[in-house]
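S.K.: Dropping a structure here in structure tokens format, bear with me for questions.
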Amino acid sequence: MVRIISDSSTMLNVKEGKEHGITISPLSVTINGKSYRELEEITAEEFIKLINEGFMPTTSQPSIGEKMHLYETLAKDDEIIDITIADGLSGTYHSACTAKDDCPHNDNIHVFNSKTLCGPHRYLVLKAVDLASKGFTAKQIIQELKTLQQHEKSFLIPSDFAFLKRGGRLTPIAATIGGLLKIVPVMTLTDDKSKLEKYTVKRTLSKAIIEIDKCFHDMQVDESFYMTITHAENEELAKKVASHMKEEFPNTEIEIYPLTPAFIAQGGPGCIAIQVIKKSGLCKITCGKTNKGQ
Numbered sequence: 001m002v003r004i005i006s007d008s009s010t011m012l013n014v015k016e017g018k019e020h021g022i023t024i025s026p027l028s029v030t031i032n033g034k035s036y037r038e039l040e041e042i043t044a045e046e047f048i049k050l051i052n053e054g055f056m057p058t059t060s061q062p063s064i065g066e067k068m069h070l071y072e073t074l075a076k077d078d079e080i081i082d083i084t085i086a087d088g089l090s091g092t093y094h095s096a097c098t099a100k101d102d103c104p105h106n107d108n109i110h111v112f113n114s115k116t117l118c119g120p121h122r123y124l125v126l127k128a129v130d131l132a133s134k135g136f137t138a139k140q141i142i143q144e145l146k147t148l149q150q151h152e153k154s155f156l157i158p159s160d161f162a163f164l165k166r167g168g169r170l171t172p173i174a175a176t177i178g179g180l181l182k183i184v185p186v187m188t189l190t191d192d193k194s195k196l197e198k199y200t201v202k203r204t205l206s207k208a209i210i211e212i213d214k215c216f217h218d219m220q221v222d223e224s225f226y227m228t229i230t231h232a233e234n235e236e237l238a239k240k241v242a243s244h245m246k247e248e249f250p251n252t253e254i255e256i257y258p259l260t261p262a263f264i265a266q267g268g269p270g271c272i273a274i275q276v277i278k279k280s281g282l283c284k285i286t287c288g289k290t291n292k293g294q
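Letter by letter, the sequence shown follows residues 1 to 294 of UniProt numbering.
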């Protein structure tokens, strides 16, 4: 049997993960001198409230000890695929590799760098569970995930560039645009998926969205892709963008989700992310919250 582990970058809490057959290790955020496991001990709304009160957040990955406990518990009898948030955007991948090296039965543990986050990360994890339930081996599942992650694109539009600069997830050139006034920066992942870099800078949000449209059209985004619009307590804007994308890409499945505190700590309150990933042709799954009893 193949068991799937991941983290809360999937926008799934522990209970939701269990309902999907996934073991979730929550990422952690620290704010006002206290550390919280996101989606378990603090909500996005509560987190943003503290930010608005003037407290600045930091993030941390699940502890190596927590990972080791999971691995030791599950790997004795089953194979494990731990699908982590992109290496470089978090230390989760390296922590998982360290935990694996120190565990017995580590031949049964496969740590997979998703090279993405949020919507596409969620899709990859749910796809892995689906394939495992249909009897695919760990090797076969990992090969399919590698194929899918080659057809992924993520864009972030921050509302406050200072959060990205402070988080250190930017290339040096991208960090310099933070001081510019009256602009809408569109960020994307670097080719190695380890940092964020400038994709374009526009004077208005509508012009920024048009540039994203062009990229998706170049990718030939259609019904074979899955798109997510995620937001940091900015649902009105997310719905507006989703409506626009539905007109541009009428056959593409589009879901809206709230971002988790760990991502808000990087993108800032009000930020929005627009992401696509190619769907797997092996089996069809439903990514929405109604799947498997949610």
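Idealized CB from N, CA, C, for every residue including glycine.
1. Using the C-alpha atoms, what's the distance from Ala138 back to Met1?
2. Take the Cβ of Asn251 as the centre, count every other Cβ of all protein chains shown within 10 Å, and call the residue buried at 16 or more, exposed below.
3. Just to check my reading of the structure: Asn13 and Leu39 have Cβ atoms closer than 8 Å, yes? What is that Cβ distance to the nearest angstrom?
4. In angstroms, rounded to a whole number, what distance separates the CA positions of Pro158 and Ile183?
5. Quick check on Val221: does DSSP put it in helix, strand or coil?
6. Please classify Met11: does DSSP put it in a helix, a strand, or coil?
7. Which partner residues does Ile80 have in the DSSP bridge list?
8. Can you give me the Cβ contacts of Asp82 inside the same chain, cut-off strictly under 6 Å, excluding the 5 residues immediately before and after it?
9. Give me the Cα-Cα distance between Tyr123 and Glu53, rounded to the nearest whole angstrom.
10. Taking just the CA atoms, how far does Pro104 sit from Thr290?
11. Using a threshold of 8 Å, state whether the C-beta atoms of Ser224 and Leu189 are closer than that.
12. Measure from the alpha carbon of Ile264 to the alpha carbon of each residue in Gln149, Ala232, Ile209, Ser243, then state which is nearest.
13. So Glu247 and Tyr226 are supposed to be a Cβ contact under 8 Å. How far apart are they, rounded?
14. Spatial neighbours of Ala75 within its chain, please: CB distance less than 8 Å, with the 5 preceding and 5 following residues excluded, ordered by chain position.
15. Work out the CA separation of Asn234 and Thr30 for me, nearest whole Å.
16. Is residue 335 helix, strand or coil by DSSP?
17. For Lys18, which residues in the same chain have their Cβ closer than 7 Å to its Cβ, ignoring the five residues on either side in sequence?
18. Which term fits Ser280, buried or exposed, when burial requires 16 or more other beta carbons within 10 angstroms of its beta carbon?
19. Taking the DSSP output, what are the residues bridged to Glu38?
20. Do Gln143 and Ser114 have their CB atoms nearer than 8 Å?
21. Identify every run of the alpha helix (DSSP H) within the segment 86 to 142, keeping only runs that are complete inside it and at least 4 residues long; order them along the chain.
22. Mark His121 as exposed unless 16 or more other C-beta atoms lie within 10 angstroms of its C-beta, in which case mark it buried.
23. Could you compute how far the alpha carbon of Glu66 sits from the alpha carbon of Ser25?
24. Taking only beta-carbon atoms, is Glu66 less than 8 Å away from chain B?
25. Do you know offhand how far residue 295's Cα is from Ala273's?
26. Classify Met56: buried if its beta carbon has 16 or more other beta carbons within 10 angstroms, exposed otherwise.
27. Helix, strand or coil: how does DSSP classify Met227 here?
28. For Ile209, I'd like the list of residues in its chain whose CB is within less than 7 Å of its CB, leaving aside the five on either flank, ordered along the chain.
29. Please classify residue 296: does DSSP put it in a helix, a strand, or coil?
30. Using only CA atoms, which one of Ala86, Ser63, Ser206, Phe249 lies nearest to His217?
M.R.: Concretely, from the data shown:
1. Rounded to the nearest angstrom, the two C-alpha atoms are 9 Å apart.
2. The residue in question, Asn251, is exposed, as its Cβ has fewer than 16 Cβ neighbours within 10 Å.
3. With 8 Å as the limit, Asn13 and Leu39 qualify as a contact, their Cβ atoms being about 4 Å apart.
4. So the two alpha carbons sit approximately 11 Å from each other.
5. DSSP places Val221 outside both helix and strand once states are collapsed to three, so it counts as coil.
6. DSSP places Met11 in coil when its eight states are reduced to three.
7. Answer is Arg3, Ile109, bridged to Ile80.
8. The beta carbon of Asp82 lies closer than 6 Å to those of Ile5, Ala96, Val111 in the same chain, with the five residues before and after it left out.
9. Each residue's alpha carbon lies about 34 Å from the other.
10. The predicted position of Thr290 is uncertain, since its pLDDT is 35 and thus under 50; a value taken from the coordinates is nonetheless stated next. Distance between Thr290 and Pro104, taken at the CA atoms: about 37 Å.
11. Taking 8 Å as the cut-off, the beta carbon of Ser224 is found no closer than this to the beta carbon of Leu189.
12. The shortest Cα separation from Ile264 among Gln149, Ala232, Ile209, Ser243 belongs to Ala232.
13. With a beta-carbon spacing of about 18 Å, Glu247 and Tyr226 fall beyond the 8 Å limit used to define contacts.
14. Excluding sequence neighbours, Ala75 sits near Cys103, Pro104, His105, Asn106, Asn108, Ile109.
15. One alpha carbon belongs to Thr30, the other to Asn234, and they sit about 22 Å apart.
16. Given that the chain is displayed from residue 1 to residue 294, the structure contains no residue 335 and the question cannot be resolved.
17. Excluding residues within five positions, none has a Cβ falling inside 7 Å.
18. Under this definition Ser280 is a buried residue.
19. For Glu38, which the question treats as bridged, DSSP gives the partners Ile42.
20. Contact flag unset, no.
21. Residue ranges of uninterrupted alpha helix (DSSP H) with 4 or more members, entirely inside the segment 86 to 142 and ordered along the chain, are 92 to 101, 118 to 133.
22. So His121 ends up on the buried side.
23. Cα-Cα distance, rounded: 8 Å.
24. Going by chain labels, chain B is absent from the structure shown, which holds only one protein chain.
25. Outside the displayed span of the chain (1 to 294) sits residue 295, for which this structure offers no information.
26. Met56 comes out exposed.
27. Strand at Met227.
28. Val241, His244.
29. Residue 296 lies beyond the range of the chain shown here (1 to 294); nothing can be said about it.
30. For His217, the closest C-alpha among the options Ala86, Ser63, Ser206, Phe249 is that of Phe249.
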